[in-house]
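J.: Can you keep this structure in mind? I'll have questions shortly.
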Amino acid sequence: MSRPPLVVTASPHLAGPDSTPRIMWNVVGSLVPVVAIATYYFGPSALLVVTAATLGAVIPEHFFGKRGSLGDGSAAITGILLGLTLPAGIPLWMAFLGGAFSIAFGKIVFGGLGQNPFNPALLGRAFLQAAFPVALTTWPAREGASWWSLAGDNFALPLMRAAPDAATGATPLGLLKFEGTKTDVGELYLGSIPGSTGETAAIVILLCGAYLAWRRYLNWRVPVGIFATVAVFSGLLYVTDVSDADPLFMLGSGGLVIGAVYMATDMVTSPVTHKGAWIFAIGIGFLVVVIRVWGGLAEGVQYAILLMNALVPFINRATQPKVFGTRREGTAA
Amino acid sequence: MAELLWILLSAMVVNNFTLYYFLGLCPFMGVSGRVGTAIRMGAANIFVLVITSTCAWFLNTFVLEHAPYLRVISFIVVIASLVQIVEMAVKKLSPVLFRQLGIFLPLITTNCAILGLAIFQTNRGYGFLEGLAFAIGAGLGLTLALILMASIREDAETADVPGIAKGTAMVLIVAGSLSLAFMGFAGLLSSA
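Protein chains in written order, with this note's numbering: chain A, 4 to 336; chain B, 135 to 326.
Below, the structure written as structure tokens:
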């Protein structure tokens, strides 16, 4: 059989090796060390929570998502990321529900991958925080407990009161905001601090992010812009004595690192242009500091990212690159 | 001056009328399909809210002292008729402005955001200037919510939305998501 002499197709004609599933599964792979370190610090509970959230995300995607959309790995990412933003002691059914909400209301109703305005994992977390504020702000204290012990009442049933015997602690941000004590900065970056499963060990997350940026699976401008804005803005407030948190503390505490590296860089819900990415990043950094310093909540990363997600259609419109080779509007043809 | 700015910002962002109090939902659902229309709707809203605030202050100071039980009904009647009169005046004096805002004005007058503003203002004991700042802030907040909703809806038009979520369902889901995002501002500026 001879090949046809001329094949006429639409552009693009050159295809790189990267495809959506390949990128997504790479991101899943880069999350493995983060989950591992979370499990190391928080015990089996962390793994259970991440698994429950992932199952919650994957099951609706399988039944209600587009045909074959489970294979691209994006639902798994949403679930794992949601699990990493939850406290280790949360009842598993809540984590499952959050994952299901993320995918069903954050993604499927908008038409699936690539069409959702908000980051699904963060939407799921905001939903959980609105629905179960106590469970979402109960941070297990791990000091002195054996590694095998659960971090909380993970197996509580829906509508049942969770057993209140677990030891709890406050996050560094909560300690600073509500009690005025400051955690040692070294602990923030390397150590075991109370918080969400993915909040500890900022260094590991940064390394994973650097890998993704090197593979060009995330736009380095977004995390760099966020870190720079937070550092400069919180530095100004620290120098002028408005807030007690120095820039290193602000950068290392809470969900800033995982938010900036994994949530804000979501390809779907971040601006498409580089200029837009800078605006988006600066906006997130600014809002994070505003909410942390003046807001009623100790942590503001998820809301800052969701708010900037809402502005992305605007940023995209405002930063449209110039089209060369056409006449300016208003000039005579 | 600083206090007025706090009132304005608080009404605009933190206690956003649409996303926090769920007031003014009809224009939020109905007229948020295009960014251009949303901006005009927002402008008309600011306009009516300022009139409302002035009316409510006037009624509270000079009339309702003697008959507090007439509060709600007098708010509605006075505001609605004044907006109608202003609409006629605008139609006569500035046809261009009328074409921009005109269609929306009668729609807004009977909106819950309008009555809500008058009642909030009364309950919080705002004076004239404070009320004005509150009204402008609330109007800007409504405009912000409308524009955000419209830009998301414009983008969603090209999306492959499943049949079950098309139309109003989609708008409600986006509204809920926006409201969740705005929860981040809770407690901000609460000293004002």
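Where a beta carbon is used, it is the ideal one built from N, C-alpha and C, also for glycine.
Closer than 8 Å is the cut-off here; do at least three beta carbon pairs connect the segment 225 to 238 of chain A with the segment 286 to 296 of chain A?
T.: Touching, per the Cβ criterion.
J.: Is B:I219 buried or exposed, if buried means 16 or more other CB atoms sit within 10 Å of its CB?
T.: Answer is exposed; the Cβ neighbour count stays below 16.
J.: According to DSSP, simplified to helix, strand and coil, what is A:W151?
T.: Residue state, collapsed to three classes: coil.
J.: Express the C-alpha separation of A:P36 and A:W223 in angstroms, rounding to a whole number.
T.: Rounded to the nearest angstrom, the two C-alpha atoms are 20 Å apart.
J.: Could you spell out the range, first to last residue, of the alpha helix (DSSP H) harbouring B:P161?
T.: Per DSSP, B:P161 belongs to the alpha helix (DSSP H) from 159 to 164.
J.: Between the alpha carbons of B:L282 and A:K110, how many angstroms are there, rounded?
T.: Those two C-alpha atoms are separated by around 18 Å.
J.: Tell me, please, whether the CB atom of A:L126 is closer than 8 Å to any CB atom in chain B?
T.: It does: the Cβ of A:L126 has a partner Cβ on chain B nearer than 8 Å.
J.: Determine, using beta carbons only, whether A:A129 comes closer than 8 Å to chain B.
T.: Yes - at least one Cβ of chain B is within 8 Å of the one on A:A129.
J.: Does the distance from the C-beta atom of B:I180 to that of B:T244 stay below 8 Å?
T.: For B:I180 and B:T244, no; Cβs fall outside 8 Å.
J.: For A:T88 and A:R128, what's the separation of their Cα atoms in angstroms?
T.: Cα-Cα distance, rounded: 7 Å.
J.: Mind listing the chain A neighbours of B:E291? Cutoff is C-beta to C-beta under 8 Å, in chain order.
T.: Within 8 Å Cβ-Cβ: nothing; B:E291 doesn't reach chain A, min ~11 Å.
J.: Could you give the DSSP three-state label for A:M142: helix, strand or coil?
T.: At residue 142 of chain A the sequence reads Trp, which differs from the Met that was named. The answer is strand: DSSP assigns A:W142 an E or B state.
J.: Just how far apart, CA to CA, sit B:Y154 and B:M317?
T.: In a straight line, the C-alpha of B:Y154 is about 8 Å away from that of B:M317.
J.: Who are the Cβ neighbours of B:S325 in its own chain at under 6 Å, not counting the five residues just before and after it?
T.: Note that B:S325 has pLDDT 47, beneath the 50 cutoff, so the model's placement of it is unreliable and the number below is only indicative. Cβ neighbours of B:S325 beyond the five flanking positions: none.
J.: Should B:I185 be labelled buried (16 or more other beta-carbon atoms within 10 Å of its own) or exposed?
T.: Its Cβ being crowded by 16 or more others within 10 Å, B:I185 is buried.
J.: With A:K278 as the anchor, note down where its alpha helix (DSSP H) starts and where it stops.
T.: 277 to 297 is the span of the alpha helix (DSSP H), which, as asked, contains A:K278.
J.: Residue range of the alpha helix (DSSP H) that A:L240 falls in?
T.: It spans 224 to 242 - the alpha helix (DSSP H) in which A:L240 sits, taken as one unbroken run.
J.: Identify each residue in the segment 278 to 297 of chain A for which the Cβ-Cβ distance to at least one residue of chain B is less than 9 Å, and report them in chain order.
T.: Those would be L290, V293, I294, W297, in chain order.
J.: Could you name the residues of the same chain whose beta carbon sits closer than 7 Å to that of A:K180, not counting the 5 residues immediately before and after it, in chain order?
T.: Result list for A:K180: A301, in chain order.
J.: For chain B, is any of its Cβ atoms less than 8 Å away from the one on A:F135?
T.: Closer than 8 Å: no.
J.: Within a Cβ cutoff of 6 Å, which residues of the same chain sit near A:G228, ignoring the five residues on either side of it in sequence?
T.: Correct list, in chain order: W281, A284, I285.
J.: A:G59 and A:G102: beta carbons closer than 8 Å?
T.: Yes.
J.: Just checking my contact of A:G238 with A:E202 at CB under 8 Å: how many whole Å lie between their CB atoms?
T.: So it is not a contact: roughly 22 Å between Cβ atoms.
J.: Sorted by chain position, which residues of the same chain lie with C-beta nearer than 7 Å to A:I294's C-beta, five sequence neighbours on each side aside?
T.: Excluding residues within five positions, the ones whose Cβ falls inside 7 Å are L300, G303, Y306, A307.
J.: If you follow the alpha helix (DSSP H) that A:I93 is in, where does it begin and where does it stop?
T.: Note, A:I93: premise wrong, no alpha helix (DSSP H); not H, not E.
J.: From the DSSP secondary-structure annotation, give me the bridge partner or partners of A:S199.
T.: DSSP output for A:S199 lists A:P90 as bridge partner(s).
J.: Check whether the Cβ atoms of A:F121 and A:N312 lie closer than 8 Å to each other.
T.: Yes, the pair counts as a contact, with Cβ atoms nearer than the cut-off.
J.: Look up B:S325 in the DSSP assignment and say whether it is helix, strand or coil.
T.: Note that B:S325 scores 47 on pLDDT, short of 50, meaning its location in the model is unreliable and no value can be drawn from it.
J.: Which residue from A:V112, A:D156, A:P143 puts its Cα closest to that of A:M97?
T.: Checking every option, the nearest Cα to that of A:M97 belongs to A:D156.
J.: What number of angstroms, rounded off, separates the C-alpha of B:G158 from the C-alpha of B:T152?
T.: About 6 Å.
J.: Please state whether the Cβ-Cβ distance between A:L215 and A:V53 is less than 8 Å.
T.: Cβ distance not < 8 Å, so A:L215 and A:V53 don't count as in contact.
J.: Determine the chain B residues that contact A:G198 at a beta-carbon separation under 7 Å, and present them in chain order.
T.: Those within 7 Å of A:G198 in chain B number zero; the least Cβ separation is about 18 Å.
J.: Would you kindly work out how many angstroms separate the C-alpha atoms of A:H16 and A:P226, rounded to a whole number?
T.: Their backbone Cα atoms lie some 32 Å apart in a straight line.
J.: Using a Cβ-Cβ cut-off of 6 Å (strictly less than) and excluding sequence neighbours within five positions of A:Y341, which residues of its own chain qualify?
T.: In the structure as shown, chain A begins at 4 and stops at 336. Residue 341 of chain A is therefore absent and cannot be evaluated.
J.: Suppose the cutoff is 6 Å on Cβ atoms and the five residues either side in sequence are ignored; what does the same chain contact list for A:A49 look like?
T.: The answer, listed in chain order, is A41, T42, A91, T200.
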